[in-house]
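Counting from 1, position 134 in the sequence shown corresponds to residue 167 in my numbering; the numbering is continuous, with no gaps.
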Amino acid sequence: LTLLCHVMIVALAVLFLWSNATMFIHKSPPKIPEVHIPEEPLLQLASGLRIEINRGISSLREIASGRDIKKFLSAIAGLWVLSILGGCYSFLTLGYIALVLLFTVPLFYDKYEDKVDSYGEKAMAELKKQYAVLDAKVFSKIPRGPLKDKKKD
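Now the structure itself:
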């Protein structure tokens with residue numbers, strides 16, 4: 034963002050000086066084209082963004098409703114990791130890292146699919162084992178009342 038701003042400052046300064054200098058050398062000023070953003074693609078982008086934001090809010094509402102403890106804990110863990118990364122890196126750096134990962138991880142997976150799958154299966158087995166221990170020691174001891182059915186109007 035800083036680089037983009039500096040490039041724009043230099044470009045504006047050069048164009049400004051060039052426009053004013055043309056009066057002294059009796060040449061025509063530079064022709065700077067008018068730029069207009071078409072409305073339709075921008076509306077499509079905004080509509081798509083609105084749909085994704087609503088989907089995310091709906092997902093967060095479902096997680097917060099307390100029906101699925103696994104989703105809740107994974108969302109909390111993900112947000113916690115994201116907050117730690119956000120404290121260490123700027124938003125632009127995180128975006129760059131995400132972009133690089135989006136391009137390299139699929140290639141890495143295609144090349145080492147068998148090894149990645151075996152490690153993934155081992156990790157899932159270990160996570161299920163740890164969750165079973167957590168469920169037996171903590172979650173099973175939390176008293177839960179009977180769920181009430183919602184009245185339909």
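Every residue, glycine too, gets a C-beta built ideally from N, C-alpha and C.
Close Cβ partners of residue i (< 7 Å) along its chain, the five nearest in sequence each way excluded
i	result
N53	none
L118	L127
6 Å Cβ shell around residue i - same chain, five flanking residues per side excluded
i	result
A156	none
Extent of the continuous alpha helix (DSSP H) run through residue i
i	result
S91	72-97
V68	No alpha helix (DSSP H) contains V68, which DSSP labels as neither H nor E.
S116	102-121
V133	124-144
S52	35-58
Distance between beta carbons of residue j and residue i, contact taken as under 8 Å
i	j	result
P63	L45	So it is not a contact: roughly 12 Å between Cβ atoms.
F172	I102	6 Å
Cβ-based neighbour list, residue i, same chain, cut-off 8 Å, excluding 5 preceding and 5 following
i	result
V166	none
Y122	I130
Would you call the stretch 70-85 and the stretch 141-150 touching, i.e. three or more CB-CB distances under 8 Å?
-> Contact between the stretch 70-85 and the stretch 141-150 is absent: fewer than three C-beta pairs spanning the two stretches fall below 8 Å.
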